[in-house]
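Student: Following this message is one structure expressed as structure tokens.
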Amino acid sequence: MAIIEMNNLWKEYGDQVVLERLDAEVQEGEFVTLVGASGCGKTTFLKMLLGTESPSRGELLLDGAPIPDQPDETRGIVFQRYSVLPHLSALENVMLADELHRHKLIGRAFGGKRKALKDAAMAMLESVGLAQAADKYPHQLSGGMQQRLAIAQALMKRPRILLLDEPFGALDPGIRRDMHHLVLDLWRQQGLTIFMVTHDLAEGFYLGTRLWVFDKTRLDPQAPGAYGARITYDLPVGDCDKGTLTAIQAQADATARTMA
Amino acid sequence: MKKLINRHPGPVATWALGLLPFALLLVVYLLASDARLEANPNDKLLPSFSAMGDAIQRMAFEPSKRSGEYLLWADTLASLTRLAIGVGISALMGLIFGIVTGTLPYARAGLSPLITGLSLVPPMAILPILFILFGLGELAKVMLIIIGITPFLIRDLQQRAREIPAEQVIKMQTLGANTWQIILRLVWPQIMPRLISAVRLSLGSAWLFLIAAEAIAATEGLGYRIFLVRRYLSMDVILPYVLWITLLAFAIDFLLARYSRWRYPWFHGSH
Ligand SMILES: Nc1ncnc2c1ncn2[C@@H]1O[C@H](COP(=O)(O)OP(=O)(O)OP(=O)(O)O)[C@@H](O)[C@H]1O
Ligand SMILES: [Mg+2]
């Protein structure tokens, strides 16, 4: 069964249509990269997966059931910023998920149990290359390290799907590339299902297994909100050539200009 | 030549410049006091430093003839106790109601209008009511502090709790946290350093309400003493008392700031 299934999915805010008629299935273990013009509804789509926004029409199914309408541990997320908790050290941030699980009332572990959780968290920090920074607070870490920490923190919960909303948008291109490698490695090792929004089309082109382009197929320049975006391209990654990339880019730019 | 706006004093100059106004004030006082005492040796308005020294000696280091107490210390203890109880209870209520109304929309809907309304009541106007209700004992004085600063603390902390980025609240939920755990492991720890800031801001008002209450009804306390000796125009006692209160206020503020930096380094690191 598909892990995510959309049937005629719409999202509207008042009379502004953001997304319309989305139909797609995503299998477990896929890595979907989302690109599209600014304001075309990529974040809105992730929010529906996350449960902070609900569909206006149609169905959005997780493992065959309507997706829960509030965030929970089935879906992990890394935002562009504010993803880690500033008052906890790197290690504590990563331990948090296990602590909350073990001790419902106080959400904290002590003694021998804490030691076990600590070891697990250290192993995770190790795998994102943050072992030496375990005792630092987020404000003592660089932007790239903070995002790696956020990924480590989210992965401790082993979510059914992992949502990444331009997680590396604020980083230098070089660091961004490293981060993409890290995400790809973790995805392969842990068999994750990932949805990642990225602003850089060219980068999205080479990541993951599947590329979705969000774009408006109908566009009324007098009323940019009258029609929503759809998935205009659904391509297996590795299967696309330079020409497709240029075509997608040109179309996304045209949409962006009309909406601006 | 650098522009004035770009020129910074060194560490020594910073200290010297900071102390200069104090030194000037002192000199002005000395000159004025000398001039007045020259004209009238019995003048009480600007007592000499030796007169103030005598008063301090009498109040702080000699037992009172009437009660056998060392008045300055007894007054200080009484006032600080009231202040600590009043501010402590207010801080606790601010913390609880601030977190609850800042975190839970239902609690906010139910309580916010009431808290806003209460915060608009001028505390001094209900002082007589407090005296009627609670008598002239300790409770009325502590209550005045509590009524005076609690609404501010609650509203400030409610605001701070609401300012916690939504991303972090969502993050906690994706890590499996329930509402209680979100409060316990996200909101509460992040509010604590902000509680200290809010308490520091409210201490000025707390002193005001304390001294006002003591001036009207008390048998000991720093405010009581100042208003008592006012009848005899004892500036030689009043001025050292005022300085002492200022010093206490400064020390409390300083200690709170230090504690916050030591206990919550993440808060001060990122602000
Ligand atoms: N809560 C809301 N109320 C009304 N309109 C909203 C709301 N949230 C988003 N929108 C609108 O929905 C549209 C899509 O926004 P969204 O944030 O999903 O775009 P995006 O594709 O993520 O853009 P970007 O690339 O800039 O992040 C925008 O036009 C936005 O104004
Ligand atoms: Mg977005």
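Listed in order, the protein sequences are those of chains A and B.
Under my numbering, the residues of the first sequence are numbered 344 to 603, in order.
Under my numbering, the residues of the second sequence are numbered -8 to 262, in order.
Just so it is clear, CB atoms sit at the ideal spot from N, CA and C, and this is done for glycine as well.
In the DSSP output, which residue or residues are listed as bridge partners for Gln359 (chain A)?
Tutor: By 1-based counting over the first sequence, the position of residue 359 (chain A) is 16. According to DSSP, which records beta bridges pairwise, Gln359 (chain A) is partnered with A:Tyr356.
Student: Return no unless some Cβ of chain A is closer than 8 Å to the Cβ of Ala152 (chain B).
Tutor: Here residue 152 (chain B) is taken as the residue at index 161 of the second sequence, counted from 1. No - not a single Cβ of chain A is within 8 Å of the one on Ala152 (chain B).
Student: Starting from Arg249 (chain B), trace the alpha helix (DSSP H) in both directions and tell me its first and last residue.
Tutor: Numbered from its first residue, the second sequence carries residue 249 (chain B) at position 258. Element bounds for Arg249 (chain B): 226 to 254.
Student: Have a look at Met(-8) (chain B) and Pro2 (chain B) and give me their C-alpha separation to the nearest angstrom.
Tutor: Numbered from its first residue, the second sequence carries residue -8 (chain B) at position 1. Numbered from its first residue, the second sequence carries residue 2 (chain B) at position 11. The alpha-carbon atoms of Met(-8) (chain B) and Pro2 (chain B) are separated by roughly 21 Å.
Student: In chain order, what residues of the same chain lie with their CB nearer than 8 Å to the CB of Arg573 (chain A), ignoring the 5 residues before and after it?
Tutor: Numbered from 1 along the first sequence, position 230 holds the residue referred to as residue 573 (chain A). Same-chain partners within the cutoff: Leu362, Glu363, Arg364, Leu365, Phe557, Asp558, Lys559, Thr560.
Student: My understanding is that Leu460 (chain A) touches Ala168 (chain B), with C-beta atoms under 8 Å, so please give their C-beta distance in whole angstroms.
Tutor: In the first sequence, counting from the first residue as 1, residue 460 (chain A) sits at position 117. In the second sequence, counting from the first residue as 1, residue 168 (chain B) sits at position 177. Between Ala168 (chain B) and Leu460 (chain A) the Cβ distance is about 15 Å, and since that is not below 8 Å, they are no contact.
Student: Kindly identify the DSSP beta-bridge partner or partners of Thr376 (chain A).
Tutor: Locating residue 376 (chain A) in the first sequence gives position 33, counting from the first residue. Partner(s): A:Met539, A:Leu554.
Student: Can you find the residues in the same chain that come closer than 7 Å, C-beta to C-beta, to Ala367 (chain A), ignoring five residues on each side of it along the sequence?
Tutor: Position 24 of the first sequence, counted from the start, is the residue given in the question as residue 367 (chain A). Same-chain partners within the cutoff: Met349, Ile574, Asp577.
Student: Using a Cβ-Cβ distance under 8 Å, would Ala189 (chain B) count as near chain A?
Tutor: Position 198 of the second sequence holds residue 189 (chain B). No, no contact with chain A.
Student: Can you grab the Cα-Cα spacing for the pair Leu142 (chain B) / Thr107 (chain B), in whole Å?
Tutor: As a first step, residue 142 (chain B) must be located in the second sequence, where it is residue number 151. As a first step, residue 107 (chain B) must be located in the second sequence, where it is residue number 116. Checking the sequence shown, residue 142 (chain B) turns out to be Pro, not Leu. Rounded to the nearest angstrom, the two C-alpha atoms are 7 Å apart.
Student: Run through DSSP, which three-state label would Val112 (chain B) get?
Tutor: Numbered from its first residue, the second sequence carries residue 112 (chain B) at position 121. In this structure, Val112 (chain B) counts as coil in the three-state DSSP scheme.
Student: For the stretch 155 to 167 of chain B and the stretch 416 to 425 of chain A, state whether three or more C-beta atom pairs, one from each stretch, are separated by less than 8 Å.
Tutor: Cβ pair count under 8 Å is three or more, so yes.
Student: Do you know how far the Cα of Val18 (chain B) is from the Cα of Asp25 (chain B)?
Tutor: Numbered from its first residue, the second sequence carries residue 25 (chain B) at position 34. Numbered from its first residue, the second sequence carries residue 18 (chain B) at position 27. Between Asp25 (chain B) and Val18 (chain B), the C-alpha separation is close to 10 Å.
Student: Within the chosen definition, does the stretch 144 to 156 of chain B reach the stretch 179 to 192 of chain B through at least 3 CB pairs nearer than 8 Å?
Tutor: They touch, by the three-pair rule.
Student: Taking 8 Å as the threshold (beta carbon to beta carbon), is Thr395 (chain A) in contact with chain B?
Tutor: In the first sequence, counting from the first residue as 1, residue 395 (chain A) sits at position 52. Chain B contact via Cβ: present.
Student: Would you say the beta carbon of Ser426 (chain A) is closer than 7 Å to some non-hydrogen atom of ligand 1?
Tutor: The residue given as residue 426 (chain A) occupies position 83 in the first sequence. Answer for Ser426 (chain A): no, Cβ out of range of ligand 1.
Student: For the beta strand (DSSP E) that contains Gly401 (chain A), what are its first and last residues?
Tutor: Mapped onto the first sequence, residue 401 (chain A) falls at position 58. Where Gly401 (chain A) is concerned, the enclosing beta strand (DSSP E) stretches over 400 to 405.
Student: Using only CA atoms, which one of B:Glu53, B:Leu21, B:Ala242 lies nearest to Phe40 (chain B)?
Tutor: To locate residue 40 (chain B), count along the second sequence from 1; it is residue 49. If we check each option's Cα against that of Phe40 (chain B), B:Leu21 comes out closest.
Student: Can you confirm whether Ala569 (chain A), when its beta carbon is compared against all beta carbons of chain B, has any partner nearer than 8 Å?
Tutor: Your numbering for residue 569 (chain A) matches position 226 in the first sequence. Judged by the 8 Å Cβ criterion, Ala569 (chain A) is not in contact with chain B.
Student: Please classify Tyr356 (chain A) as buried or exposed, where buried requires at least 16 neighbouring CB atoms within 10 angstroms.
Tutor: Indexing the first sequence from 1 puts residue 356 (chain A) at position 13. Looking at its Cβ environment, which holds fewer than 16 other Cβ atoms inside 10 Å, Tyr356 (chain A) is exposed.
Student: Where are the alpha helix (DSSP H) runs, 4 residues long or more, that stay fully inside the stretch 459 to 505 of chain A, in chain order?
Tutor: Listed in chain order, the complete alpha helix (DSSP H) runs (minimum 4 residues) inside the stretch 459 to 505 of chain A are 486 to 498.
Student: Which of the residues in the stretch 76 to 101 of chain B, read from start to end, lie with their CB under 8 Å from any CB of chain A?
Tutor: From the stretch 76 to 101 of chain B, no residue has a Cβ closer than 8 Å to chain A.
Student: With three or more C-beta pairs closer than 8 Å as the rule, is the stretch 195 to 214 of chain B touching the stretch 31 to 39 of chain B?
Tutor: These segments do not touch.
Student: Taking the beta carbon of Met134 (chain B) as the centre, do at least 16 other beta carbons fall within 10 Å, making it buried, or is it exposed?
Tutor: Taking the second sequence and counting its residues from 1, one reaches residue 134 (chain B) at position 143. With 16 or more Cβ atoms within 10 Å of its Cβ, Met134 (chain B) is classed as buried.
Student: Considering only the alpha carbon of each residue, which of A:Ile494, A:Met465, A:Ala597, A:Gly551 lies closest to Leu683 (chain A)?
Tutor: The first residue shown for chain A is 344 and the last is 603, placing residue 683 (chain A) beyond what the model contains.
Student: Since I believe Gly512 (chain A) is in contact with His542 (chain A) (beta carbons under 8 Å), could you give me their beta-carbon distance rounded to a whole number of angstroms?
Tutor: Within the first sequence, numbered from 1, the residue matching residue 542 (chain A) stands at position 199. Within the first sequence, numbered from 1, the residue matching residue 512 (chain A) stands at position 169. About 6 Å separates the two Cβ atoms, so the contact holds.
Student: Between the Cα of Leu144 (chain B) and the Cα atoms of B:Pro0, B:Leu219, B:Val78, B:Leu127, which residue gives the shortest distance?
Tutor: The count along the second sequence starts at 1 and reaches residue 144 (chain B) at position 153. The shortest Cα separation from Leu144 (chain B) among B:Pro0, B:Leu219, B:Val78, B:Leu127 belongs to B:Val78.
Student: DSSP puts Asn350 (chain A) in a beta bridge; with which residues?
Tutor: As a position in the first sequence, residue 350 (chain A) is number 7, starting the count at 1. In DSSP, Asn350 (chain A) forms a bridge with A:Glu402.
Student: Mind reading off the beta-carbon distance from Leu505 (chain A) to Ala464 (chain A)? Whole number of angstroms is fine, and I expect it under 8 Å.
Tutor: Position 162 of the first sequence, counting from 1, holds the residue named residue 505 (chain A). Position 121 of the first sequence, counting from 1, holds the residue named residue 464 (chain A). Rounded, the Cβ-Cβ distance is 18 Å, inconsistent with contact.
Student: With a cut-off of 8 Å on the beta carbons, I'd call Pro398 (chain A) and Gln164 (chain B) a contact; round off their distance for me.
Tutor: Here residue 398 (chain A) corresponds to residue number 55 of the first sequence, with the count starting at 1. Here residue 164 (chain B) corresponds to residue number 173 of the second sequence, with the count starting at 1. About 19 Å; that fails the 8 Å criterion.
Student: Is there contact here, the stretch 44 to 51 of chain B with the stretch 216 to 233 of chain B, by at least three beta-carbon pairs under 8 Å?
Tutor: In short, these stretches touch, since the Cβ pair count reaches three.
Student: Using a Cβ-Cβ distance cut-off of 8 Å, determine whether Trp257 (chain B) contacts chain A.
Tutor: Position 266 of the second sequence, counted from the first residue, corresponds to residue 257 (chain B). Yes, because at least one Cβ of chain A sits closer than 8 Å to the Cβ of Trp257 (chain B).
Student: For the stretch 393 to 417 of chain A, which residues have a CB atom closer than 8 Å to at least one CB atom of chain B, in sequence order?
Tutor: Result list: Leu393, Thr395, Gln413, Pro414, Asp415, Glu416.
Student: Could you have a look at Tyr549 (chain A) and say whether DSSP puts it in helix, strand or coil?
Tutor: The residue you call residue 549 (chain A) lines up with position 206 of the first sequence. Note: Tyr549 (chain A) maps to coil in three-state DSSP.
Student: Taking the alpha carbon of Gly568 (chain A) as the point to measure from, which residue in A:Cys383, A:Ile449, A:Glu371, A:Met344 has its own alpha carbon closest?
Tutor: On the first sequence, position 225 is the one that residue 568 (chain A) refers to. When each option's Cα is compared against that of Gly568 (chain A), the closest is A:Cys383.
Student: Taking just the CA atoms, how far does Leu498 (chain A) sit from Asp521 (chain A)?
Tutor: Numbered from 1 along the first sequence, position 178 holds the residue referred to as residue 521 (chain A). Numbered from 1 along the first sequence, position 155 holds the residue referred to as residue 498 (chain A). The alpha-carbon atoms of Asp521 (chain A) and Leu498 (chain A) are separated by roughly 18 Å.
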